[in-house]
Amino acid sequence: SDRPGKGLSVGTEVFYRNKTKAVEGEGILCNVTNVIGEGKQRRYSKPKPTSTTLTASTTPAPAPTTTPSAAHHFPTSTPVASFTYNTRNHGIYIPNSWHSYEIQDADPDPIPATGQIPPPYRASVSNLVAIPLTNAGLPDLPAKKNVLALYPGTTTFYKAEVSAAWRAATLSAEKGDKAAMVSLRFEGEEEVEKEMDVERRYVLVD
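Following this line, the structure appears as structure tokens:
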């Protein structure tokens, strides 16, 4: 996926991935309205096993498990279930999901009963992807590439296929908004061959 939502600030546009299949689309365009917590990723070293001298009167110690018990390496006040073991670097890390934010639909619909805008809701960084401020520096997109893209006129992202290759070089070679647009065919569109243009920064590589 593109650009994980790490170190987000208030006002940042983000893609919020839907966590339930009951909701239409793959996710929605939101704005960060508040930063709840910014937990830092920390590493705890794997302790070296202590050597045991065996004698005729002793029983061999049981073989160590592949993954050491997290309960022995972390403060008791920290939930053990919140940690993951990294076998490559021999350590246990606190995942980035400790970052928590309040977000709101970029164009929220009022609540029918009250006419008021719904309050922001919380989301962990693992469900967010930051939307870049500009199209500059974004990678090329070849034709037939599967992506997630913002459907024009909505705040919902759907699966789509790139119908014509997009190249970043056109941003400097051509002026105007057209150079920043990616031609797409959205999945499930009634008109099978219908193509729609979406600004590159709202096209995410799934």
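Numbering (full-length UniProt numbering), first residue to last: 1 to 206.
Backbone N, C-alpha and C fix where the C-beta goes; we use that ideal spot for every residue, glycine too.
Name, in chain order, the residues that DSSP records as bridge partners for residue 104. Taking the sequence shown and counting its residues from 1, one reaches residue 104 at position 104. Answer by DSSP bridge pairing, in chain order: 31.
Does residue 135 pass the burial test, meaning 16 or more other C-beta atoms within 10 Å, or should it be called exposed? Stepping through the sequence shown from its first residue, residue 135 is reached at position 135. The residue in question, residue 135, is buried, as its Cβ has 16 or more Cβ neighbours within 10 Å.
Determine the burial state of residue 10: buried for a count of at least 16 other Cβ atoms within 10 Å of its Cβ, exposed for fewer. Working through the sequence shown from its first residue, we reach residue 10 at position 10. Residue 10 should be labelled exposed.
Secondary structure of residue 172, DSSP reduced to three states: As a working note, residue 172 is residue 172 in the sequence shown. Residue 172 falls in the helix class under three-state DSSP.
Does the count of Cβ pairs from the region 159-172 and the region 129-148 closer than 8 Å reach three? yes
Cα-Cα separation between residue 13 and residue 192, rounded to whole angstroms: Here residue 13 refers to the residue found at position 13 when the sequence shown is read from its first residue. Here residue 192 refers to the residue found at position 192 when the sequence shown is read from its first residue. Taking the straight line from one Cα to the other gives about 30 Å.
If you draw a straight line from the C-alpha of residue 104 to the C-alpha of residue 122, how long is it? Along the sequence shown, read from residue 1 onward, the residue named residue 104 stands at position 104. Along the sequence shown, read from residue 1 onward, the residue named residue 122 stands at position 122. C-alpha separation (whole angstroms): 9 Å.
Assigned secondary structure, residue 113 (DSSP; H/G/I helix, E/B strand, else coil): Within the sequence shown, numbered from 1, the residue matching residue 113 stands at position 113. The answer is coil: DSSP assigns residue 113 none of H, G, I, E or B.
So the candidates are 155, 160, 111 and 143; which of them puts its Cα closest to the Cα of residue 189? As a position in the sequence shown, residue 189 is number 189, starting the count at 1. Residue 189 has its Cα closest to that of 160, out of 155, 160, 111 and 143.
Give the straight-line distance between the Cα atoms of residue 149 and residue 130, rounded to the nearest whole angstrom. In the sequence shown, residue 149 corresponds to position 149, counting from 1. In the sequence shown, residue 130 corresponds to position 130, counting from 1. Rounded to the nearest angstrom, the two C-alpha atoms are 13 Å apart.
With 16 as the cutoff for other CB atoms within 10 Å, does residue 147 come out buried or exposed? Looking up residue 147 in the sequence shown gives position 147. Buried is the call here.
Identify every residue that forms a DSSP beta bridge with residue 127. Taking the first residue of the sequence shown as 1, we reach residue 127 at position 127. Beta-bridge pairing links residue 127 to no other residue.
Near residue 24, what residues of its chain come up, given a Cβ to Cβ distance below 7 Å and the 5 sequence neighbours on each side ignored? If you number the sequence shown from 1, residue 24 lands on position 24. Closer than 7 Å at Cβ, skipping near neighbours: 156.
Grab me the residues of residue 164's own chain with a C-beta within less than 7 Å of its C-beta, minus the 5 sequence neighbours each way, in chain order. Counted from its first residue, the sequence shown places residue 164 at position 164. Excluding sequence neighbours, residue 164 sits near 143 and 183.
Spell out the partners DSSP gives residue 146 in its beta bridges. Translated into the one-based positions of the sequence shown, residue 146 becomes position 146. Beta-bridge pairing links residue 146 to 161.
I'd like to know whether the C-beta atoms of residue 128 and residue 16 end up nearer to each other than 8 Å. Looking up residue 128 in the sequence shown gives position 128. Looking up residue 16 in the sequence shown gives position 16. Yes. Within cutoff.
What residue range is occupied by the uninterrupted beta strand (DSSP E) comprising residue 204? Residue mapping note: residue 204 aligns to position 204 of the sequence shown, counting from 1. That run of the beta strand (DSSP E) goes 203-205.
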